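**Q** Chains as they are written, first to last, in this note's numbering: chain A, 1 to 139; chain B, 1001 to 1392. The C-beta atom is built at its ideal place from N, Cα and C for all residues, glycine as well. Bear in mind that the values here come from a model prediction, so they are computed numbers and not experimental data.
1) With DSSP as the reference, label residue 18(A) as helix, strand or coil.
2) Kindly indicate which three-state DSSP category residue 1365(B) falls into: helix, strand or coil?
3) Report back the beta-carbon spacing between residue 1328(B) and residue 1308(B) to the nearest angstrom; my notes put them in contact at under 8 Å.
4) Closest Cβ-Cβ distance between residue 1048(B) and chain A: below 8 Å?
5) In whole angstroms, what is the alpha-carbon distance linking residue 1027(B) and residue 1033(B)?
6) Checking 8 Å against the spacing of the C-beta atoms, do residue 60(A) and residue 99(A) come in under that value?
7) Would you decide whether residue 1171(B) is buried or exposed? Buried here means 16 or more other CB atoms lie within 10 Å of its CB.
8) Whose Cβ in chain B lies nearer than 7 Å to the Cβ of residue 36(A)?
9) Thinking residue 9(A) and residue 139(A) are a contact (beta carbons under 8 Å), I'd like their distance in whole angstroms, please.
10) In this structure, how does DSSP classify residue 1299(B) when only helix, strand and coil are distinguished?
11) With a cut-off of 8 Å, does the C-beta of residue 1365(B) fall near any C-beta of chain A?
12) Rank 1223(B), 1188(B), 1285(B) and 1312(B) by C-alpha distance to the C-alpha of residue 1048(B) and give the top, closest one.
13) Kindly say whether residue 116(A), judged by its beta-carbon, lies nearer than 8 Å to any beta-carbon of chain C.
14) Would you tell me roughly how many angstroms separate the C-alpha atoms of residue 1316(B) and residue 1294(B), rounded to the nearest one?
15) Going by DSSP, what residues sit across from residue 59(A) in a beta bridge?
16) Assuming the contact rule is C-beta atoms closer than 8 Å, residue 1072(B) and residue 1101(B) should be a hit. Round their C-beta distance to whole Å, please.
17) In this structure, how does DSSP classify residue 1317(B) when only helix, strand and coil are distinguished?
18) If you follow the beta strand (DSSP E) that residue 176(A) is in, where does it begin and where does it stop?
19) Using the C-alpha atoms, what's the distance from residue 1352(B) back to residue 1359(B)?
20) Report the neighbours of residue 40(A) on chain B: residues whose CB is nearer than 8 Å to its CB, in chain order.
21) Which chain A residues sit within Cβ distance under 7 Å of residue 1127(B)?
22) I need the DSSP call for residue 1323(B), collapsed to helix, strand or coil.
23) What residues from chain A crowd round residue 1061(B), counting only those whose CB sits closer than 8 Å?
24) Can you give me, in chain order, the residues of the stretch 1262–1280 of chain B that have a beta carbon less than 8 Å from any beta carbon in chain A?
25) Excluding the 5 residues preceding and the 5 following residue 1245(B) in the sequence, name in chain order all residues of the same chain whose CB lies nearer than 7 Å to its CB.
26) With a cut-off of 8 Å, does the C-beta of residue 27(A) fall near any C-beta of chain B?
27) Does residue 1370(B) come out as helix, strand or coil in the three-state DSSP assignment?
28) If you draw a straight line from the alpha carbon of residue 1094(B) to that of residue 1119(B), how long is it in whole angstroms?
29) Under 9 Å between beta-carbons, which chain B residues line up against residue 125(A)? List them in chain order, please.
30) Determine the contact status of residue 93(A) and residue 79(A), defining contact as a CB-CB distance below 8 Å.
31) Could you spell out the range, first to last residue, of the beta strand (DSSP E) harbouring residue 45(A)?
32) Return the first residue and the last residue of the alpha helix (DSSP H) that residue 1188(B) is part of.
33) Decide if residue 1163(B) is buried, meaning its Cβ has at least 16 other Cβ atoms within 10 Å, or exposed.
34) Around the Cβ of residue 1074(B), are there at least 16 other Cβ atoms within 10 angstroms (buried) or fewer (exposed)?
35) Pick out whichever of 1324(B), 1210(B), 1356(B) and 1341(B) has its Cα sitting closest to the Cα of residue 1065(B).
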C-alpha cells in the first residue's frame, strides 16, 4: 500500500447531506459518531464543508429542489471522492416512491459507491457500510 | 457613519432536516435587524401521496413525515381514522401509545439538549448526553423493534404488546434516565458556558408568543402554560398525574429548562403507564381493505416540538380524499423570527436551534454587503465556530 492510500483511508472525512430525508437516518448518522458507536475511531470526522470531505453520506429520497444542490455539493468535493447512500429512501425512494417531487434514489443524480439499507439503518449498519467502503478503497 | 446593512442568506440550498427553511437576515454590524423566512424546500408531496394510498399503507408514510416525531404523527393519524370509523381502542393500547409518546419525548428532548450544547461549542456535553440517550433508544428498540420509526400505533390499537416480565427492567432504565437528566439539569443551571450563551438570548415576550402562535416548549418557555395534553386531553392523559411545565424568562435558557423538566415529567408518565398497564387486548382489527365512512375529522397531538394538527376528509372509499398536516415547527417560525430580531449574528445558531427545527450543519449561507457589492459564504459549521469564537 502506498503512503497516499494509507493516509487517505485512515482519515476519511465525512460530509453529511440530507437530500429530503425524514430525519430518522440523520439522527442515526449522528448517533454513529457519538460514544456508544464511535465512528471516529476509524479516523472519520464529520465536517461541515464539502471542500474538506472525502466521503459524502447522503440520506433521503432526493427531492427536485435538492437535486441541483446535491450535484453542486458533489462537484465541490475534491477527488478521490466516495458517496454512501444511507437508508431505503436514498437507495430507491423508499416509501416516497411515485411521489411527484421525488427522484427515487441518489444514484439517479450522482454515482454511489456504497448502499446501506434500512429504514432507518442502525448505527452499527452505518459503521459496517463505511468500513466496507474503506476496505474497498484499500484500508 | 452611514447606515450599512448586510444581507445574509441562510440556506437557499439548505439540505435541511425535516422542515428545511431559508432565512434572509439583514444585519447591521453584529446586530440582526430583520429576518425574512422562506419555507417549502425539501417538499416531498406527502399529502398528495396519502390520497393515493390505502389507510393501512398511509400508516407508514405518515410516520415518515418526521423521523423524530414519528410516533406523534402516527398517533394523530390513527386518532383521525378511528374517529371516522367510530372505533374505540382498548385501554391497554391507549396506555402503550402514551408510553411510546413519552419515550419519544424523552429521546427528542435529550437529542435537542445535545444539539444545543453543540451549537454553543460545548461538545463534551453533547457527547455525554448522546451517550445517555442510548438508554431510551434501547428501550424503544426493545419495545417496538426499531430505534426511530417505531410503527407502534395502528388503526384500532397498537401493533406490539409489552411483556410483563420486562417491566422491572424498563423501570430501572427510567431510573437511570432520571438520574442522568438531573445531572444535566444541574450542569445547565450552573455551568458558566451555558449561562453565557443561553441566558437572556433570543427573548420572546408572553404577548408576542401568543400573538405569533408559538407552540410547544417554545411557547411554554415564554410563560404560557399551554399543552395539548392538558388543554384537550387525548388517549389517557386525563387519568395520569402530571404537570404542565412553563418558565417566564422567554429566552433560550428557559427553553433548556422547559425541556429538561418535561423530560422528568415524561419519565414519571412512563413509570405510571408501566405500573398501571391495564389488562386486555391491544387492538381491534381493521381490515387492510377496509373502507372508512364519509366525513371529516381533526386531531391534535402534543408532539415533542409542540402542537401537531392533522385533518382528514373521507369520501367513503379505502383511501383518504384529502389529508392535511400542520407540523409544530411551522407554527414556531414567526416566533423564531421575532426571537432573532435585535440579537447578534453569533447567536443565530443557538436561537435557531432553540425552537428545535433540526437544522442541518451542511446548510450554507451567502453574506452580501449591499453597499460594497461584496459577497461571502459561510456554512452552518463556520457560523457555529464564529459564534464560539465571538464569545471567547
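**A** Well, looking at it:
1) Annotated three-state conformation of residue 18(A) is strand, per DSSP.
2) The predicted model places residue 1365(B) with a pLDDT of 41, which falls under 50 and marks its position as unreliable; any figure quoted below should be read in that light. The three-state reading of DSSP puts residue 1365(B) in strand, counting E and B together.
3) About 6 Å separates the two Cβ atoms, so the contact holds.
4) Closer than 8 Å to some Cβ of chain A, the Cβ of residue 1048(B) qualifies, so yes.
5) Distance between the alpha carbons of residue 1027(B) and residue 1033(B) is about 5 Å.
6) Result no, Cβ atoms of residue 60(A) and residue 99(A) do not sit closer than 8 Å.
7) With fewer than 16 other Cβ atoms inside 10 Å of its own Cβ, residue 1171(B) counts as exposed.
8) Per Cβ cutoff of 7 Å: 1131 and 1134.
9) Contact holds; Cβ gap of about 4 Å.
10) The three-state secondary structure of residue 1299(B), taken from DSSP, is strand.
11) Residue placement at residue 1365(B) is flagged as unreliable, the pLDDT there being 41, under the threshold of 50; the coordinate-derived value follows with that caveat. Taking 8 Å as the CB threshold, residue 1365(B) stays off the interface with chain A.
12) When each option's Cα is compared against that of residue 1048(B), the closest is 1312(B).
13) Annotation note: the requested chain C is absent from the structure, which comprises protein chains A and B.
14) So the two alpha carbons sit approximately 4 Å from each other.
15) Paired residue(s): 18(A) and 86(A).
16) At roughly 6 Å, the Cβ-Cβ gap stays under 8 Å, so residue 1072(B) and residue 1101(B) are in contact.
17) Residue 1317(B) falls in the coil class under three-state DSSP.
18) Residue 176(A) lies beyond the stretch modelled for chain A, which goes from 1 to 139, so this question has no answer here.
19) Only weak support exists for where residue 1359(B) lies, its pLDDT of 40 falling under 50; the value from the coordinates is given anyway. Distance between the alpha carbons of residue 1359(B) and residue 1352(B): 8 Å.
20) Here the premise fails: no neighbours, minimum Cβ distance about 10 Å.
21) Those within 7 Å of residue 1127(B) in chain A are 34 and 35.
22) In the three-state reduction of the DSSP assignment, residue 1323(B) falls in the strand class.
23) Contact of residue 1061(B) with chain A by beta-carbon distance below 8 Å involves 95 and 96.
24) Using a CB distance below 8 Å, no part of the stretch 1262–1280 of chain B faces chain A.
25) The answer, listed in chain order, is 1220, 1258, 1261, 1262 and 1265.
26) Nearest CB-CB separation between residue 27(A) and chain B: below the 8 Å threshold.
27) For residue 1370(B), the pLDDT reaches just 41, beneath the cut-off of 50, and the residue's location in the model is therefore unreliable, leaving the point undetermined.
28) Spanning the two alpha carbons is a distance of roughly 37 Å.
29) None at all; the shortest Cβ gap to chain B is about 11 Å.
30) No, Cβ-Cβ distance for residue 93(A) and residue 79(A) is not below 8 Å.
31) Per DSSP, residue 45(A) is one residue of the beta strand (DSSP E) stretching across 45–47.
32) Taken as a continuous stretch (DSSP letters only), the alpha helix (DSSP H) holding residue 1188(B) covers 1167–1190.
33) The residue is exposed, with fewer than 16 neighbouring Cβ atoms inside 10 Å.
34) So residue 1074(B) counts as buried.
35) Minimum Cα distance to residue 1065(B) is reached at 1324(B).
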